[in-house]
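Contents: one structure, followed by commentary.
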Amino acid sequence: MKKIAQLLAFILVLSGVVYGQRHQSFEQKWDSVLSQSVWQVGPFYLMPRIRLRNIGYDGNVYREREEDDPVQDYTATFSPEVTAYLLVGHSMILSFRENPEYVYYVNQERERRWNHIYSPEIKWKLFNRFVLGGKYNYANRRYRFSTEVDFRVNVQTKQYEGSLFYETARETSLGVRYLHQNFTYQDVDVPGTVFPWFSRLSRDEDTVTGELYYQLLSDSYFFLRGGYTQHRFLDVEASWRDSDSRQMFAGLQFPLLGRMRGTLSLGYKWFVPLDEEREDFSGLVGNADMEYRLRRIRLRAGYNRDNYFSYWGENLFYLGNQINGGVSFYISPSLRLDYDFRYGNNDYLEEALWGGPEGEPDLIRRKDIFTIHTVGVAVRILRDIGIGLNLNYWKRETNISYGDRYWWFVGGSLVYDF
1 MKKIAQLLAF ILVLSGVVYG QRHQSFEQKW DSVLSQSVWQ VGPFYLMPRI
51 RLRNIGYDGN VYREREEDDP VQDYTATFSP EVTAYLLVGH SMILSFRENP
101 EYVYYVNQER ERRWNHIYSP EIKWKLFNRF VLGGKYNYAN RRYRFSTEVD
151 FRVNVQTKQY EGSLFYETAR ETSLGVRYLH QNFTYQDVDV PGTVFPWFSR
201 LSRDEDTVTG ELYYQLLSDS YFFLRGGYTQ HRFLDVEASW RDSDSRQMFA
251 GLQFPLLGRM RGTLSLGYKW FVPLDEERED FSGLVGNADM EYRLRRIRLR
301 AGYNRDNYFS YWGENLFYLG NQINGGVSFY ISPSLRLDYD FRYGNNDYLE
351 EALWGGPEGE PDLIRRKDIF TIHTVGVAVR ILRDIGIGLN LNYWKRETNI
401 SYGDRYWWFV GGSLVYDF
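Number 111 in the working numbering belongs to position 111 of the sequence shown; there are no gaps in the numbering.
Spelled out as structure tokens, the structure:
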């Protein structure tokens, strides 16, 4: 029983070791497979993960207005995952990830759903310096895919990726990457309302990037990325949304000096619709997700700025900005208090026909402001595993009628990296 408990603990701990998408050299990936795999079955190395989250009470399932008597319900999400690796002659890494996920609501049968993600991948080292990569990713999920979406939407995503990198003895990498993505959105029928607008976002995207990763310290990099993307929409009536974009980024991948971890990226983007009558965008974009640990205090900070396709009316896109911060205080080695705050705004750069503050139709340049507060407590139960209880409150204020919304959730999850 002791060995089973230890094995379960290791599986759960691995569930928390996910810090965004990070570049790994071939040697780093090889070493991580050997060091982090839980089981070895013949030539296969297995890395399982288990996540239990959002177990609680949803105070506004569809993010309706307060005066519309919002639907409330109990919910929970169970998400097991396993990745299998096959290492071949210190020159090839084959992997396959399988991640089913079940979202359950007690009364809202429409919201009960199996989500599914799977992804095979290959890394092949040639002539001791070149690394050829290939990856396929399939995801079929119902979720809120952007900050302007009030309810969960069915989205199917298919991604095909190929890459070629030159890696030095110090694990500095220079390479090119090609990515093809297909997004298919389903229109939404929620209680009392039909939203036949999401399918207009279905599209293909093709991206080519050049990338440089320069190793500063072990597992810490300075990086440069530059690329070009074509956005082509599948519905003929949505062809006015076809666009091209170019972007350049510079940043850092942590950990750095042992206490800080995360990613910091800043860049510039040019977004140009093929329809010359449409508003374009050029300006600073970026994202950051960083954490700093100092004795009993853990500090978090983040930032995101980019433009995103909009499903509302005749708006092509909106410019989204978010900043967030948080702090955790360890009262004892087994008890932690958490607080997180997020502030964001969505700016629509073109005027469109909306209901004004009094409901009358008018040409309005829409602007949304939203805030999120999260307070919680976490109790350690085993190693770095704990049980967390949280209260979340989200609020959106906007300059159009029927746009103001709120949402709250109280419940718990398994927490990791205690």
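Where a beta carbon is used, it is the ideal one built from N, C-alpha and C, also for glycine.
Those residues which DSSP pairs with residue i across a bridge
i	result
R396	F370 and R405
T263	Q253 and D289
T347	Inspection of the sequence shows that residue 347 is occupied by Asp rather than by Thr. Answer is L319 and K367, bridged to D347.
A139	I117 and T157
D244	Q230 and V272
R305	G286 and N321
S95	Y85 and E121
T209	R177 and G227
G376	D338 and N390
Q72	DSSP lists no partner for Q72.
T77	R53 and V103
F130	L126 and Y166
Q215	Y221
Cβ neighbour criterion (16 or more within 10 Å) applied to residue i
i	result
Q186	exposed
Y102	exposed
W114	exposed
T75	buried
P333	exposed
P273	buried
S218	exposed
D338	buried
K3	A caution first: K3 carries a pLDDT of 47, below 50, which makes its placement in the model unreliable, though a value can still be read off. Flag for K3 reads exposed.
R107	Before going further, note that residue 107 is Asn rather than Arg in the sequence given. By the 10 Å Cβ count, N107 comes out exposed.
F26	buried
P48	buried
Q21	Low per-residue confidence applies at Q21: pLDDT is 49, beneath 50, and the placement is therefore not dependable enough to give any value.
L382	exposed
M1	Unreliable positioning characterises M1 in this predicted model, as indicated by a pLDDT of 48, which lies under 50. A coordinate reading is not provided.
E360	exposed
S243	buried
G302	buried
R366	buried
T371	exposed
I297	exposed
H90	exposed
L126	exposed
F418	buried
D235	exposed
L34	exposed
Of the residues the options, the one placed nearest residue i, counting alpha carbons only
i	options	result
P100	V82, L87 and V106	V82
G262	K269, W270, L252 and Y268	L252
V374	G42, Y104 and W407	Note that residue 374 is Thr in the sequence shown, not Val. Comparing Cα positions, the closest option is W407.
A419	V149, W270 and F130	There is simply no residue 419 to check, as the chain begins at 1 and stops at 418 in what is shown.
G56	G411, F418, V415 and D417	G411
K158	Y339, L382 and K135	K135
L319	F309, V327 and S328	F309
Q28	I50, T172 and S119	T172
Y268	P361, F370, V327 and A250	A250
E121	S146, T147 and M92	M92
Y160	Q247, H180 and D404	H180
M248	R259, L234 and T229	T229
Q156	L164, S199, E148 and R141	R141
L174	L126, R225 and E351	R225
G388	G42, N54 and V38	N54
E276	F370, G302 and L316	L316
Y416	A378, I400 and N399	A378
I385	S413, I372 and G376	S413
N137	Y104, I117, E314 and I400	I117
V71	V38, Y311, R110 and Y214	R110
P255	E291, D235 and I297	E291
V176	K125, Y402, G344 and E211	E211
G283	I331, L94, R295 and W270	W270
F44	D340, L94 and L126	L94
S119	E351, E66, F96 and I400	F96
R380	I400, I331, R405 and L87	I331
H429	G376, G356 and V208	Any question about residue 429 goes unanswered here, given that the chain covers just 1 to 418.
D404	D58, G344, R65 and I323	R65
Nearest-angstrom beta carbon gap, residue j and residue i [assumed within contact, 8 Å]
i	j	result
N182	D206	In fact, because the Cβ distance is near 10 Å, the residues do not count as touching under 8 Å.
L363	L349	In fact, because the Cβ distance is near 13 Å, the residues do not count as touching under 8 Å.
L52	F78	6 Å
R336	D368	At roughly 33 Å, the Cβ-Cβ gap does not stay under 8 Å, so R336 and D368 are not in contact.
F222	L216	6 Å
R428	F233	Nothing in the structure corresponds to residue 428, since the chain is present only between 1 and 418.
V238	R200	Looking at the sequence provided, one finds Ala at residue 238 rather than Val. Yes, they are in contact, since the Cβ atoms of A238 and R200 sit about 4 Å apart, within 8 Å.
F151	R63	6 Å
T147	N346	6 Å
Heavy atom of the ligand NAP within 6 Å of residue i beta-carbon
i	result
G162	Inclusion of the ligand NAP in the displayed structure is not the case, the ligand content being empty and no account of it being possible.
>> For a minimum of 4 consecutive residues, which ranges assigned as the alpha helix (DSSP H) are wholly contained in the region 12 to 70?
In response: Fully enclosed alpha helix (DSSP H) runs of 4 or longer: 26 to 36.
>> Which complete beta strand (DSSP E) runs does the region 159 to 206 hold, if anything under 3 residues is left out?
In response: Runs of the beta strand (DSSP E) lying entirely within the region 159 to 206 and spanning at least 3 residues, in chain order: 173 to 185, 188 to 190 and 193 to 195.
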